[in-house]
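Chemist:
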Amino acid sequence: MLSNETTTENDEFKFLANADWKTQLKHLITTPEQLQSFLYLTEKQVHEIRRASKLFPMAITPYYASLIDPNDVRCPIRAQAVPTIQETQIGSADIEDPLAEDHDSPVPGITHRYPDRVLLLVSQMCAMFCRHCTRKRSVGDDDHSPSKEMLKNAIQYIRESPQVRDVLISGGDPFLLSTKRLDWILTELHAIEHVEVVRIGTRTPVVLPQRIDDELVDMLKKHHPVWVNTHFNHPREITPQSKAALRKLADAGIPLGNQSVLLRDVNDCPLIMQNLVHRLVQNRVRPYYMYQCDLSRGIEHFRTSVSKGIEIMEMLIGHTSGFAVPTYVVDAPGGGGKIPLTPQYLISMGTRKVVLRNYEGVICLYSEPPHKEVTCPPDCEYCDKLTPGESKHKVPESRWAPDVGVGKLFDDSNDVIAIVPENLERAQRREDSATNIDDEVR
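For the sequence shown, the residue numbers in the working numbering are 1118 to 1559.
#1: Tell me whether N1127 is buried or exposed, calling it buried when 16 or more other Cβ atoms sit within 10 Å of its Cβ.
#2: Under the rule that 16 or more other beta-carbon atoms within 10 Å means buried, what is C1192, buried or exposed?
#3: How would you call K1143, buried or exposed, if buried means at least 16 neighbouring beta carbons within 10 angstroms?
#4: Rounded to the nearest angstrom, what separates S1413 and E1542 at their Cα positions?
#5: Out of curiosity, what's the CA-to-CA distance linking V1256 and C1250?
#6: Taking the alpha-carbon positions, what's the M1432 to K1425 distance?
#7: Within the continuous alpha helix (DSSP H) that includes P1326, where are the two ends?
#8: Can you find at least 3 beta carbon pairs, one from the segment 1352-1366 and one from the segment 1270-1285, that sit closer than 8 Å?
#9: Considering just the uninterrupted stretch of the alpha helix (DSSP H) at K1171, what are its terminal residues?
#10: DSSP three-state label for R1353, please.
#11: From which residue to which residue does the alpha helix (DSSP H) around M1390 run?
#12: Going straight from the alpha carbon of P1457 to that of V1471, what length do you get?
#13: Would you call the CB atoms of V1343 and I1309 closer than 8 Å?
#14: Cutting at 8 Å between CB atoms, please list the residues of its own chain near S1240, excluding the five before and the five after it.
#15: What are the start and end residues of the beta strand (DSSP E) that includes P1457?
#16: Can you list, in chain order, the residues of its chain with a C-beta nearer than 6 Å to that of N1540? Leave out the 5 residues immediately preceding and following it.
#17: Determine the direct distance from the alpha carbon of Q1197 to that of D1411, and round the result to whole angstroms.
#18: Where are the alpha helix (DSSP H) runs, 4 residues long or more, that stay fully inside the segment 1423-1478, in chain order?
#19: Would you identify the three-state DSSP class for N1346, choosing helix, strand or coil?
#20: Can you find at least 3 beta carbon pairs, one from the segment 1329-1341 and one from the segment 1149-1167, that sit closer than 8 Å?
#21: Please classify K1365 as buried or exposed, where buried requires at least 16 other C-beta atoms within 10 Å of its C-beta.
Here is the structure:
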């Protein structure tokens, strides 16, 4: 039988789990003692949580904590929220800033990696500190959250970069800002003529669905087109409360996407991921990305093999609706960007025929047209690169010139036949050899 004290604690916890978002943020679970009010912990676990929390703090909303199964030490909710001693073990491949976001930051608060897109970091705070966080080097440091002056400078960079058409607002979690501050940011961005779309990345529909209130939704509706990407990793996270939050956003005309991270012993199973994507589309959320876990420090225990990700994709492609299949990506270490990975469906290719296989293993033949056209449609009004200013749609030159990466090889206006890495060892040997020959001639 529970003691009166324990019963009172449980009643208070149930109340907080359903409280408004601001109340929940005031009562975040940040210590093992708070966890123990509803979750049994051994003395060893308490000690290990304290050790791990020194490297990356613990913060769990009462709502998300209420989803933890207290009788299951391998509960997928618990794994994402409660620190473990494994976080103190640094793997040989771990990197402080695995995606080189700081390296690709022209001004504080901006990461500019792709030609037409930037990442705008507006907060260092989250409703919950996910144990697999790729930005754990900075998230939770409220003392260094972007000031309004810093945000003004970041937005000015966007204003002075006409090639930028897409801005992704992230952090931390942008929805942890006040509605008024977020309204100001969106107003500034939409006043920039070349910014065509704004995206917001948030996990509040998962860990704090109460944040999606009428005030926030009414504000977002003023700033269309605005897209929202969520971060559901497991079907257990889709609850009546999260469904209500997603419904509000979707009913407001906001397109919703989801970015899952493939996590060992959490969702690295084809049936779990299939169930997740089905439940997402039922709630008008398009599965967008399935990420291979990054190389951030202290999260090696969450990483699966790439082959496991390919196995999951094999069991999604052809086995569910095409729009329910996310793109499986590795966000390349060192800032190389997202690299899509798929099962191999191209078996062979000749000059006239292509041999393919489908999801069932059926091998088929696709015949190429007798005359392969390598150009765009005649007088293409969009991509006439010779006279961009005269094209009907006036595509800004900064959007297409110069071509980047593999695109150079498809461009007939240049004579590029190979793309060579800057520090290629073979190229260095050639230079050294040429230098030696010159020296001998002299």
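Glycine included, every Cβ here is placed at the ideal spot set by N, Cα and C.
Modeler: Let me spell this out:
#1: Along the sequence shown, read from residue 1 onward, the residue named residue 1127 stands at position 10. Label assigned to N1127: exposed.
#2: Position 75 of the sequence shown holds residue 1192. By the neighbour-count rule (16 or more Cβ atoms within 10 Å), C1192 is buried.
#3: Residue 1143 sits at position 26 when you count from the first residue of the sequence shown. With fewer than 16 other Cβ atoms within 10 Å, it is exposed.
#4: Translated into positions along the sequence shown, residue 1413 becomes position 296. Translated into positions along the sequence shown, residue 1542 becomes position 425. Distance between the alpha carbons of S1413 and E1542 is about 28 Å.
#5: Along the sequence shown, one-based indexing puts residue 1256 at 139. Along the sequence shown, one-based indexing puts residue 1250 at 133. Cα-Cα distance, rounded: 8 Å.
#6: Working through the sequence shown from its first residue, we reach residue 1432 at position 315. Working through the sequence shown from its first residue, we reach residue 1425 at position 308. Whole-angstrom Cα-Cα distance: 11 Å.
#7: Counting from 1 along the sequence shown, the entry for residue 1326 is found at position 209. In the DSSP annotation of this structure, P1326 is not part of any alpha helix (DSSP H), being labelled neither H nor E.
#8: Contact between the segment 1352-1366 and the segment 1270-1285 is absent: fewer than 3 CB-CB pairs across the two stretches fall below 8 Å.
#9: By 1-based counting over the sequence shown, the position of residue 1171 is 54. Run containing K1171: E1160 to L1172, per the alpha helix (DSSP H) assignment.
#10: Against the sequence shown, residue 1353 aligns to sequence position 236. It is helical.
#11: Here residue 1390 refers to the residue found at position 273 when the sequence shown is read from its first residue. M1390 -> alpha helix (DSSP H) spans P1387 to Q1399.
#12: Indexing the sequence shown from 1 puts residue 1457 at position 340. Indexing the sequence shown from 1 puts residue 1471 at position 354. Going by the C-alpha atoms only, they are around 22 Å apart.
#13: Start at 1 with the first residue of the sequence shown, and residue 1343 comes out as number 226. Start at 1 with the first residue of the sequence shown, and residue 1309 comes out as number 192. Contact: no.
#14: Taking the first residue of the sequence shown as position 1, residue 1240 is located at position 123. S1262, P1263, G1288, G1289, D1290, P1291, L1293 and L1294.
#15: Within the sequence shown, the letter at position 340 stands for residue 1457. G1454 to L1458 is the span of the beta strand (DSSP E), which, as asked, contains P1457.
#16: Position 423 of the sequence shown, counted from the first residue, corresponds to residue 1540. Taken in chain order, the list of residues that qualify is empty.
#17: If you number the sequence shown from 1, residue 1411 lands on position 294. If you number the sequence shown from 1, residue 1197 lands on position 80. Rounded to the nearest angstrom, the gap between the Cα atoms of D1411 and Q1197 is 15 Å.
#18: If we require 4 residues or more, the alpha helix (DSSP H) runs fully inside the segment 1423-1478 come out as 1423-1433.
#19: Here residue 1346 is taken as the residue at index 229 of the sequence shown, counted from 1. Strand, per DSSP.
#20: Contact between the segment 1329-1341 and the segment 1149-1167 is absent, with fewer than three C-beta pairs closer than 8 Å.
#21: Position 248 of the sequence shown, counted from the first residue, corresponds to residue 1365. Under the 10 Å beta carbon count, K1365 is surrounded by 16 or more other beta carbons and is classified as buried.
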